[in-house]
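Q: Let me give you the structure first, and then I'll get to my questions.
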Ligand code: DAH
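Residue numbers (the working numbering): 19 to 360.
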C-alpha cells in the first residue's frame, strides 16, 4: 500500500478525532481522548507535526495551513466534549446529548400560592356588605389624635389615650407639628368619610390597627378590623340589628341569632356589644351603637337632621371561628404548611 501523503494523514487524523470525541461521555474518556490527540509529547497531532519537515518545500505553506485548521477543529471538539460531560454530570443521566431535550414531555408544574386567610376573609366581608349596599372606604394607618381620638369624642383623660397603650411615632406631622400614632381602631375612617362627604353615608372600612399588646393566643400587636357606618334620616337601632343579623347569617351560612348587651363607647350613644349564637354558644363579635351627636357635630353634620349607627368587628376573630384556628399567632408566622390549609 502506497504511503499516505502528509495531507492524507491529516484527514485520517481529523476523522479519528471526530469519532473519538463524539463518543466521549465520561471525564475519564475525555482525558484519554485529550492525551491521544492533543498530548504535548506523544499526542497524534504532535507526531504529525514532526513530519512537516519531510514535506516538499513548495508544499509546506499549504500543509502548514491545513495542519492549523485540523488542530483548531480538534480543539473545538475537545471544548464540546467538555461541555457535554459537564451537562451529563449535572443531570446525572447517561442520555446522549442529542436527546436531552424532549419537548413532548410535560413541563415542571410551578407551585401556585393563594390569598392569606385574612385577605380571603376581608374579600368575603366586602362581598357580603356590598350586597347590603355598603361601599368600601379607606384611611391611613398613621393618624393624628383628631381622627383616632378627639373627633370620636374620646376625651384627653380617657384611658385609651394612654401613650403606653398606643404606638406613638417619634416624629410629629411635618406640616402641623402634631403628634402621630399608628391607628388603634378603624373608627378613624368614620371621621374621614363624614368630613369629606355630606350624608347619607353607607360605608365599611377594613384594615390594620395597632396596639402594644403582648402577643398570645388571642392578642397580637397588629390586627384587622371592619368598621361600618350608616348615616341617614331616621336611622334606628332596629336597622343596626337587622344589618348585623343579615351580615352574621351570610357569613356563617345559617340563620343566626344576635344579642345586644349594653356597653359604652365614647363615639356611640347608646352603645352595645353584639354577640351571635354559634354552636350553642354566644360569641362576642364586636362593638356597635348609634353615632354620638358629639361625633356628628365634630364633622359638621346636624344631629337634629341625621342619625346613624356604627359598628366595629375584629376580622381575625371571624376568620379564626370559621376555620377553627385557636392561636392568632399562627396567622402571622408565615409558615406555608399552616397557611396552605385555608
Ligand atoms: N373602635 C372600637 C374598638 O376598637 C370598636 C367599635 C365599637 C367600633 C363601637 C364602632 C362602634 O364603630 O360603634 O374597640
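Yeah, the Cβ is synthetic: ideal placement off N, Cα and C, and Gly gets one too.
Would you list the one or two residues that DSSP bridges to residue 301?
A: Within the chain shown, numbered from 1, the residue matching residue 301 stands at position 283. In DSSP, residue 301 forms a bridge with 294.
Q: Beta carbon of residue 199, beta carbon of residue 185: below 8 angstroms?
A: In the chain shown, residue 199 corresponds to position 181, counting from 1. In the chain shown, residue 185 corresponds to position 167, counting from 1. It is a contact, given that the beta carbons lie within the stated cut-off.
Q: So, is residue 36 buried or exposed, given that buried needs 16 or more other C-beta atoms within 10 angstroms?
A: Reading the chain shown from its first residue, position 18 is the one you call residue 36. Residue 36 comes out exposed.
Q: To the nearest angstrom, how far is it from the Cα of residue 247 to the Cα of residue 122?
A: Sequence index remark: in the chain shown, residue 247 carries index 229 (1-based). Sequence index remark: in the chain shown, residue 122 carries index 104 (1-based). One C-alpha to the other measures close to 58 angstroms.
Q: Using a threshold of 7 angstroms, is the CB atom of residue 286 nearer than that to any non-hydrogen atom of the ligand DAH?
A: Residue 286 sits at position 268 when you count from the first residue of the chain shown. Checking every heavy atom of the ligand DAH against the Cβ of residue 286, one is found closer than 7 angstroms.
Q: How would you write the range of the beta strand (DSSP E) that residue 246 sits in, first residue to last?
A: On the chain shown, position 228 is the one that residue 246 refers to. From DSSP, the beta strand (DSSP E) with residue 246 extends over 240–250.
Q: If you pair each beta-carbon of the segment 218–236 with each one of the segment 298–317, do three or more pairs fall below 8 angstroms?
A: The segment 218–236 is not in contact with the segment 298–317.
Q: Judging by CA-CA distance, which residue of 39, 135 and 82 is the nearest neighbour of residue 354?
A: Numbered from 1 along the chain shown, position 336 holds the residue referred to as residue 354. Per the Cα distances, 135.
Q: For residue 317, does the three-state DSSP call read helix, strand or coil?
A: Translated into positions along the chain shown, residue 317 becomes position 299. Coil at residue 317, not helix or strand.
Q: Quick one: any contact between the segment 317–336 and the segment 212–229, if contact means 3 or more CB pairs under 8 angstroms?
A: Yes: at least three Cβ pairs fall under 8 angstroms.
Q: If we require 3 or more residues per run, which beta strand (DSSP E) segments fall completely within the segment 130–194?
A: With a minimum length of 3 residues, the continuous beta strand (DSSP E) runs that stay inside the segment 130–194 are 160–162.
Q: So, for residue 52: in the same chain, excluding its five sequence neighbours on each side, which residues have a beta-carbon less than 7 angstroms away from its beta-carbon?
A: Within the chain shown, numbered from 1, the residue matching residue 52 stands at position 34. Around residue 52: 96.
Q: What does the alpha-carbon distance come out to for the pair residue 61 and residue 129?
A: Residue mapping note: residue 61 aligns to position 43 of the chain shown, counting from 1. Residue mapping note: residue 129 aligns to position 111 of the chain shown, counting from 1. So the two alpha carbons sit approximately 53 angstroms from each other.
Q: Verify whether the separation of the beta carbon atoms of residue 249 and residue 219 is less than 8 angstroms.
A: As a position in the chain shown, residue 249 is number 231, starting the count at 1. As a position in the chain shown, residue 219 is number 201, starting the count at 1. Cβ distance < 8 angstroms, so residue 249 and residue 219 count as in contact.
Q: Closer than 7 angstroms by C-beta to residue 345: which residues in its own chain qualify, once you throw out the five before and the five after it? Chain order, please.
A: Here residue 345 is taken as the residue at index 327 of the chain shown, counted from 1. Correct list, in chain order: 235.
Q: With a threshold of 7 angstroms (Cβ to nearest heavy atom), would residue 316 be considered close to the ligand DAH?
A: Looking up residue 316 in the chain shown gives position 298. Not so, every heavy atom of the ligand DAH lies at least 7 angstroms from the Cβ.
Q: Leaving out the 5 sequence neighbours to the left and right, which residues in its chain are closer than 7 angstroms to residue 174 when beta-carbon positions are compared?
A: Locating residue 174 in the chain shown gives position 156, counting from the first residue. Around residue 174: no qualifying Cβ.
Q: May I have the straight-line CA-CA distance separating residue 187 from residue 194, to the nearest angstrom?
A: Translated into positions along the chain shown, residue 187 becomes position 169. Translated into positions along the chain shown, residue 194 becomes position 176. C-alpha separation (whole angstroms): 14 angstroms.
Q: What first and last residue would you give for the alpha helix (DSSP H) that runs through residue 211?
A: As a working note, residue 211 is residue 193 in the chain shown. Looking at the DSSP string, the run of the alpha helix (DSSP H) that includes residue 211 is 206–214.
Q: Enumerated in chain order, which unbroken segments of the alpha helix (DSSP H) with a length of 4 residues or greater are wholly contained in the segment 39–89?
A: Runs of the alpha helix (DSSP H) inside the segment 39–89: 45–56 and 62–68.
Q: Between residue 356 and residue 90, what straight-line distance do the alpha-carbon atoms span, to the nearest angstrom?
A: Here residue 356 corresponds to residue number 338 of the chain shown, with the count starting at 1. Here residue 90 corresponds to residue number 72 of the chain shown, with the count starting at 1. So the alpha carbons of these two residues sit roughly 60 angstroms apart.
Q: Comparing alpha-carbon positions, which option in 221, 217 and 242 lies nearest residue 11?
A: Residue 11 is absent from the structure shown; the chain starts at 19 and stops at 360.
Q: So is residue 276 buried or exposed if we call it buried at 16+ other beta carbons inside 10 Å?
A: In the chain shown, the residue the question calls residue 276 occupies position 258. By the 10 Å Cβ count, residue 276 comes out buried.
Q: Taking residue 39 as the reference, which of 26, 30 and 92 has the closest Cα?
A: Residue mapping note: residue 39 aligns to position 21 of the chain shown, counting from 1. Selected option, being the one with the closest Cα: 92.
Q: CB residue 337 to CB residue 153, shorter than 8 angstroms?
A: For the purposes of this step, residue 337 is taken as residue 319 along the chain shown, with counting starting at 1. For the purposes of this step, residue 153 is taken as residue 135 along the chain shown, with counting starting at 1. No, the Cβ-Cβ distance between residue 337 and residue 153 is not below 8 angstroms.
Q: For residue 99, count the other beta carbons within 10 Å of its own beta carbon; 16 or more makes it buried, fewer makes it exposed. Which is it?
A: Position 81 of the chain shown, counted from the first residue, corresponds to residue 99. Classification of residue 99: buried, given that the 10 Å Cβ count is 16 or more.
Q: Could you tell me the distance, in whole angstroms, from the CA atom of residue 167 to the CA atom of residue 179?
A: Taking the first residue of the chain shown as 1, we reach residue 167 at position 149. Taking the first residue of the chain shown as 1, we reach residue 179 at position 161. The straight-line gap from Cα to Cα measures roughly 7 angstroms.
Q: Can you tell me whether residue 203 is buried or exposed? The criterion is at least 16 other CB atoms within 10 Å of its CB, across all chains shown.
A: Here residue 203 is taken as the residue at index 185 of the chain shown, counted from 1. It is buried - the Cβ of residue 203 has at least 16 other Cβ atoms within 10 Å.
Q: Could you give the residue range of the beta strand (DSSP E) that holds residue 200?
A: The residue you call residue 200 lines up with position 182 of the chain shown. Per DSSP, residue 200 belongs to the beta strand (DSSP E) from 198–200.
Q: Does the ligand DAH have even one heavy atom less than 7 angstroms from the beta-carbon of residue 326?
A: Position 308 of the chain shown, counted from the first residue, corresponds to residue 326. Not so, every heavy atom of the ligand DAH lies at least 7 angstroms from the Cβ.
Q: What do you reckon, are the CB atoms on residue 329 and residue 262 nearer than 8 angstroms?
A: The residue given as residue 329 occupies position 311 in the chain shown. The residue given as residue 262 occupies position 244 in the chain shown. Yes, the pair counts as a contact, with Cβ atoms nearer than the cut-off.
Q: Evaluate residue 279 with the Cβ neighbour count: other Cβ atoms within 10 Å of its Cβ, from every protein chain shown; 16 or more gives buried, anything less gives exposed.
A: To locate residue 279, count along the chain shown from 1; it is residue 261. Exposed, by the Cβ-count rule.
Q: Measure how close the beta-carbons of residue 206 and residue 161 come, nearest whole angstrom, since I'm counting them as under 8 angstroms.
A: Within the chain shown, residue 206 is the residue found at index 188, counting from 1. Within the chain shown, residue 161 is the residue found at index 143, counting from 1. Indeed they touch by this definition, with Cβ atoms about 5 angstroms apart.
Q: Spell out the partners DSSP gives residue 220 in its beta bridges.
A: Within the chain shown, the letter at position 202 stands for residue 220. 248.
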